[in-house]
Amino acid sequence: MFVNTSPRALLTSCFVLLTFLSCALCAPLSAVMRRDVWVPTITSPTSDSVWTVGKSFLVTWDTSSKPAEVTNPNGEIYLRLGDETQSSPIASGFPLSDGQFEVTIPSDTTPDQYRVVLFGDSGNWSDQFPIDAAT
């Protein structure tokens, strides 16, 4: 029986062995790392809502489809104007499983058509609604 002990043959054998080993090690990790992404539907505000700068309002979302394992259970709420989500949240650190959180519209908010963006496991937007100037 002839055994090829050339450097190229040994290198190829090592490469094949390492490839099989890496596949074997990665397979169990994919099962452990699997998480469900939850994108709860925002139920308020709606397109019929009218909010006012400086006032407090309740943001609500549907929790009926919450999976057993949520990747990030902590929520953040942002305002979105046009194509841009504002860089600072108007609320953060609340449990997504609560299904609601009261926010106060910052005094430096320019009256316009906005959306609420709910982040946690994933980002989703409300309907567009107006935020009016403080009276």
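Numbering-wise, the sequence shown is residues -26 to -1, 1 to 109 according to mature numbering (1 follows the signal peptide of the UniProt record, and there is no 0). The beta carbon of each residue, even a glycine, is placed where N, CA and C say it ideally should be.
Checking the DSSP bridge columns, you'll see S30 partnered with T78. A direct Cα-to-Cα measurement between T109 and V91 gives close to 25 Å. Annotation for S30: E76, T78 place their beta carbon closer than 6 Å to its own, counting only its chain and skipping 5 residues before and after. For P(-20), the secondary structure class from DSSP, reduced to helix, strand or coil, is helix. Counting only the Cα atoms, N48 lies some 6 Å from G67. L70 has its alpha-carbon roughly 14 Å from the corresponding atom of T17. Note on geometry: alpha-carbon atoms of V13 and A107 lie some 31 Å from one another. D22 sits in coil when the DSSP states are folded into three classes, being neither helix nor strand.
Cβ neighbours of R89 within its own chain (closer than 6 Å, five residues either side excluded): R54, W99, S100, Q102. A Cβ-Cβ separation of about 11 Å leaves T15 out of contact with G73 under the 8 Å criterion.
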